[in-house]
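Terminal number for the sequence shown in the working numbering: 360, no gaps in between. Here's the structure, in structure tokens; my notes come after.
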Amino acid sequence: MGWNIFINAPDSYHLTTTHIRNSLHQQGFATFNATDLDLSDSEKIDLISLCELSKSLPLDRFGEGGRHRSYCEGVWHRETETIDWKTGHQQSDGSIEIDYHQGSEYQPEFGGVVRKFLRMPDEILNKGLLNKLIWHDLSLTGMAEHYSRLLCGVHLIRMQALPGKPAKITPNCFHRDGQPFTAVHLIERYNIEGGTTHIAPPCYANCQLEEVPAHEITRFLLNDPLDSYIIDDAAICHYINPVTCDENASIGVRTIILIDFTPLEQSDRCSQ
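Below, the structure is given as structure tokens:
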């Protein structure tokens, strides 16, 4: 497996949004939106392009239907402020896949299983919008101040609901991810109900929604493009309820970019 250097830190990397970072460290999560990200005209065009590119994502083979995904991961280096993306493993059909692993304590449905996802194409990895999202999210975590190398994972996930066929996340319960920080950015949403984010104390990980007292849950909905949140995995657990298609609609869609950061040494231990 080789590496390609694609992303360099933008000039705005060190200009973190203080109120978002404070909320994250005080309550274990924080929400923000497109206004906080201050998109350039080219980044707005990238957003439209991502909506189109997501239509061709392959079906996620793990879990129930309705979820389409590509993935890539790379190593961030503090010294050079670059990310080296893994090139992946070429398959017999010419496609390129990336291995993805979560422990069973974080993924009760597929924990301990090496899942294989289509490698995110360079066309997406090279987009200025993705560059901004990665470095913005990293600046919120504070991890760059404490580690020389981090594993950065990026998922593009399209939840596609059909009449009578909801799309579900995996695991379909309150859970933690296993990566210290994860950010979620809405790319598009239309013709759907659901997809509400639920936040609870970490002791409720692996519980169903009805098992968690209502007063322990904070709920919010990502509704507009680049509505976003970031979570501290040690401080909270979270759950996204299934996405259902609106009445009289032929299809409903919720597309997100998910970005996570893990100290490289911790990532190595989790993969063993």
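Idealized CB from N, CA, C, for every residue including glycine. All of these numbers come straight from a predicted model, not from anything done at the bench.
Q | Given D172 as reference, the closest of L213, L145 and G153 once Cα atoms are compared | A | Start at 1 with the first residue of the sequence shown, and residue 172 comes out as number 84. Looking at the Cα atoms, L213 is the closest of the given residues.
Q | Local Cβ density within 10 Å of S158, reported as buried at 16 or more and exposed below that | A | The count along the sequence shown starts at 1 and reaches residue 158 at position 70. Flag for S158 reads buried.
(Q) For E202, count the other beta carbons within 10 Å of its own beta carbon; 16 or more makes it buried, fewer makes it exposed. Which is it? (A) Here the question's residue 202 lines up with position 114 in the sequence shown. Correcting the residue identity first, residue 202 is Val in this sequence and not Glu. Under this definition V202 is an exposed residue.
Q) Per DSSP, which one or two residues make a beta bridge with G176? A) Translated into positions along the sequence shown, residue 176 becomes position 88. DSSP output for G176 lists no bridge partner at all.
Q.
On a Cα-Cα basis, can you pick out the residue from R342, N311, T170 and H303 that is closest to F120?
A. Along the sequence shown, read from residue 1 onward, the residue named residue 120 stands at position 32. Minimum Cα distance to F120 is reached at N311.
Q) Looking at the structure shown, is G182 part of a helix, part of a strand, or coil, going by DSSP? A) Working through the sequence shown from its first residue, we reach residue 182 at position 94. Three-state result, G182: coil.
(Q) Let me confirm a value: T350 is counted as buried when at least 16 other C-beta atoms fall within 10 Å, else exposed. Which label applies? (A) As a position in the sequence shown, residue 350 is number 262, starting the count at 1. Per the 10 Å Cβ criterion, buried.
Q.
Quick check on DSSP: helix, strand or coil for Y292?
A. Start at 1 with the first residue of the sequence shown, and residue 292 comes out as number 204. Note: Y292 maps to helix in three-state DSSP.
Q: Take G154 and list the residues in its own chain whose beta-carbon comes closer than 8 Å to its own, dropping the five residues that flank it on each side.
A: Sequence index remark: in the sequence shown, residue 154 carries index 66 (1-based). These residues qualify, in order along the chain: M247, Q248, A249, L250, K253, P254, A255, K256 and V331.
Q: Give the single residue among W164, D187, Q267 and Q296 whose Cα lies nearest to the Cα of E233.
A: For this step, residue 233 is matched to residue 145 along the sequence shown. Closest option to E233, Cα to Cα, is W164.
Q: Express the C-alpha separation of L309 and Y188 in angstroms, rounding to a whole number.
A: Taking the sequence shown and counting its residues from 1, the one referred to as residue 188 is at position 100. Taking the sequence shown and counting its residues from 1, the one referred to as residue 309 is at position 221. If I take the Cα positions, the gap works out to 27 Å.
Q. L147 bridges to which residues according to DSSP?
A. Along the sequence shown, one-based indexing puts residue 147 at 59. L147 pairs with H156.
(Q) Which residue wins for smallest C-alpha separation from A288, given the options R307, Q114, Q179 and R237? (A) Taking the sequence shown and counting its residues from 1, the one referred to as residue 288 is at position 200. Closest by alpha carbon: R307.
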